[in-house]
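Letter by letter, the first sequence follows residues -3 to 413 in our numbering.
The block underneath contains the structure these notes are about, expressed in structure tokens.
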Amino acid sequence: MDLKAPRGTRDILPVETPAWQYVEQSFSSVCDRFSFQEIRVPTFEQTELFQRGVGDTTDIVQKEMYTFEDKGGRSMTLRPEGTAGVVRAYLENGLSSEPSPQKLYYILNSFRYEKMGKGRYREFNQMGCELFGSEEPTADAEIISLLFLFFRELGLKEINLKINSIGCPKCKPAYLDQLREYLRPQIHELCENCQDRFERNPMRILDCKEDAENEIVKNAPLQLEHLCSECEEHFASLCAELDNLGFQYEIDGHIVRGLDYYSRTVFEFISNNVGTQGTICGGGRYDGLIEELGGLPTPAVGFALGVERLLMELNSQNIVLPSVKGPDIYIVSFPDTINQAAKICFELRNNKIKAENNLNARSFRAQMKYADRIQAKYLVVLGEDELKTEKVSLKRMSDGEEIELDLADLAEYIKNN
RNA sequence: GUGGAAUUAGCUCAGUUGGUUAGAGUGCCAGAUUGUGGCUCUGGAGGUCGUGGGUUCGAUUCCCAUAUUCCACCCCA
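Structure, rendered in structure tokens:
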């Protein structure tokens, strides 16, 4: 076997899929209660969508995209995140003409060509929400409250919300000038990356892990302290709304997020358990993105949540997730009853019962062992006698208890026990 | 991107100071007087010892390269 899954990808095996399904279903369930509707978008898009949507200055676009040319000579890219494609679909399909706000959620995989690390893959899975068409802080709060409810229903604790405001096109430019002025005389004291960022995206310097302890970064002016009156009011209202809903959070002026499209609110849910990959969920407001992609100016707010990291967090908090479940019943048969067994097995399945029978022409003893191994809940032996009398002995595998039943009552009994 | 460790059966790992048919545990399959599982016992299948070169009479073992994985840092979010 010389073929392997590509670097940064992994197989999700049957022992893990129940946990994945549980997390995804829990998310869908919460989204549904908030009236977010699922949208599914293509795995790849025109490269330009991400260049414009995610932002040319970001590391994602500059060096992490899986870009290829299709047979028609068009440049395509595997999505590095979900929002750009969802916005494109929203515009292309006229959802902007549906009742506003539009509330969409997605569960999808994304691709970034990155160095591998704990909790970081080149193909990874995200669940996210986008709320289009409301600039009110209550929309931001609703997005955040959805997450709080989701985490609560999963039983997650010790996961902290940090929020910040990074201003709007009105107040941001003046602040950026001020930040550059502050940094300019001492920029050479910061790490190489930060020196790169100085022109391109100086706010990312605030978020730099390498210089996090540096006094220059610690004392830098923050956008939060230089918001225009509208942004200030927006942020204050959001905080008041979060207080009103009873959520704990921390205001952190150094949270800036890596994508270009954010404005005003940004937030992260951070775990202390997953090490350096502690951001389980990131999001914020992106009022300019839809216009940037060719739509009418439309405010929007959303988030994306990393499923791999979420599952790691659930594991490290010892939260028990669903695991593989054996069949409700296994039917032992003999060479001369195997066809009848298959028929009864089919009928049980038709009655919504998870039933298994002998597919290997196995000996009686081997079938017993097999039923035990696959953790069948009940077992019946179907031989000539049982077929003749239409009575079976149903054995509960956990304790070996057996009860006599009419064959006809089998489905009903199993359903009720 | 840097440093370290690792790669031998499906899984977890021994091992060969370079020598013929490469081992264990576990899992899988089968059987233990052929209608009752878990424990136990017996047997079987399953490895071109990560890949490609080199040295050698001979390489799984030594050397070089390369791929992959893990850990730490870096980066990213």
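Where a beta carbon is used, it is the ideal one built from N, C-alpha and C, also for glycine.
Can you check which of these residues, the options, is closest to residue i by C-alpha distance?
| i | options | result |
| --- | --- | --- |
| G274 | E304, T261, L255 and P295 | E304 |
| C277 | E221, Q363 and I140 | I140 |
| T333 | A367, Y171, S359 and H250 | S359 |
| V50 | D324, I286 and R345 | I286 |
| C224 | Q182, A170, C187 and R253 | A170 |
| G113 | F231, D368, G4 and A236 | G4 |
| M72 | L45, Y86, L218 and Q58 | L45 |
| R29 | I212, L143, E226 and G284 | L143 |
| S93 | D173, G291 and D402 | G291 |
| Y117 | R148, R176, R48 and R6 | R6 |
| N412 | N347, T13, N311 and Y258 | N347 |
| E41 | A137, E380, E211 and R84 | R84 |
| V57 | E226, R369, T43 and G279 | T43 |
| P293 | D283, Q191, E65 and G302 | D283 |
| L416 | P95, I247, I8 and A300 | Outside the shown range of the chain, which is -3 to 413, sits residue 416, and nothing can be said about it. |
| P95 | L104, F32 and R48 | F32 |
| N215 | Q17, H250 and E229 | H250 |
| R48 | D248, Y257, L375 and A236 | Y257 |
| E132 | N121, R281 and Q371 | R281 |
| Y374 | T385, C341 and E386 | C341 |
Please list, in chain order, all residues of the same chain as residue i whose beta carbon is under 6 Å from its beta carbon, the five residues on each side excluded.
| i | result |
| --- | --- |
| Y245 | L157, I159 and L238 |
| A135 | L127 and V297 |
| E77 | S106 |
| S267 | I155, G274, I276 and E309 |
| F194 | I183 |
| Q174 | P217 |
In chain order, what residues of the same chain have a beta carbon less than 7 Å from the beta carbon of residue i, not counting five sequence neighbours either side?
| i | result |
| --- | --- |
| A337 | I327, S329, N353, N354 and L378 |
| V82 | I35, V37, L100, Y102 and E126 |
| Q98 | Y86, L91, F128 and G129 |
| L307 | A15 and V19 |
Would you give the residue range spanned by the beta strand (DSSP E) that residue i belongs to?
| i | result |
| --- | --- |
| F30 | Per DSSP, F30 belongs to no beta strand (DSSP E) and is neither H nor E. |
| N160 | I155 to S161 |
| F330 | Neither: F330 is in no beta strand (DSSP E) and is coded neither H nor E. |
| Y374 | Y374 to L378 |
| A103 | It should be pointed out that residue 103 corresponds to Ile in this sequence rather than to Ala. Its beta strand (DSSP E) spans residues Q98 to F107. |
| T5 | T5 -> no beta strand (DSSP E), and no H or E assigned at all. |
| R392 | K387 to R392 |
| D431 | Outside the displayed range of the chain (-3 to 413) lies residue 431, so it cannot be described from this structure. |
| T73 | S71 to L74 |
What is the rounded straight-line gap between the Cα of residue i and the Cα of residue j?
| i | j | result |
| --- | --- | --- |
| G90 | E408 | 49 Å |
| F23 | M123 | 8 Å |
| V26 | I35 | 15 Å |
| I410 | S319 | 21 Å |
| A357 | D395 | 27 Å |
| E264 | E400 | 58 Å |
| E397 | P2 | 49 Å |
| R345 | D405 | 14 Å |
| E309 | L317 | 12 Å |
| G163 | G322 | 54 Å |
| H222 | C167 | 7 Å |
| P295 | A80 | 14 Å |
| G129 | E288 | 15 Å |
| I201 | Y366 | 60 Å |
| L403 | M364 | 20 Å |
| R148 | L234 | 21 Å |
| E177 | P198 | 11 Å |
| P14 | C227 | 44 Å |
| N240 | E138 | 12 Å |
| D324 | K391 | 11 Å |
| A362 | S389 | 19 Å |
| T53 | V262 | 18 Å |
| P165 | R253 | 16 Å |
| E229 | V11 | 49 Å |
| G302 | E119 | 11 Å |
| E448 | N121 | No answer is possible for residue 448: it lies beyond the span of the chain, which begins at -3 and ends at 413. |
If you follow the alpha helix (DSSP H) that residue i is part of, which residue opens it and which one closes it?
| i | result |
| --- | --- |
| V57 | D55 to K59 |
| Y62 | Y62 -> not in any alpha helix (DSSP H); beta strand (DSSP E) instead, spanning Y62 to E65. |
| R369 | F360 to R369 |
| E185 | It is not in any alpha helix (DSSP H) - E185 carries neither H nor E in the DSSP assignment. |
| E44 | T43 to G49 |
| L406 | L406 to K411 |
| V213 | E211 to K214 |
| E88 | T79 to E88 |
Below 8 Å CB to CB, which residues in the same chain sit around residue i once its five sequence neighbours on both sides are set aside?
| i | result |
| --- | --- |
| I315 | L150, G151 and L152 |
| E60 | P76, R108, Y109 and E110 |
Could you tell me whether any non-hydrogen atom of the ligand FMN is closer than 7 Å to the CB of residue i?
| i | result |
| --- | --- |
| L100 | The model on display carries no ligand, and the ligand FMN is accordingly not part of it. |
If you scan the segment 234 to 289 from start to end, which runs of the beta strand (DSSP E) of 3 or more residues do you find wholly inside it? 259 to 267 and 275 to 281
Continuous beta strand (DSSP E) assignments of at least 3 residues falling wholly in the segment 118 to 145: 119 to 128
Contiguous alpha helix (DSSP H) assignments of at least 4 residues, all confined to the segment 296 to 353: 303 to 312 and 334 to 346
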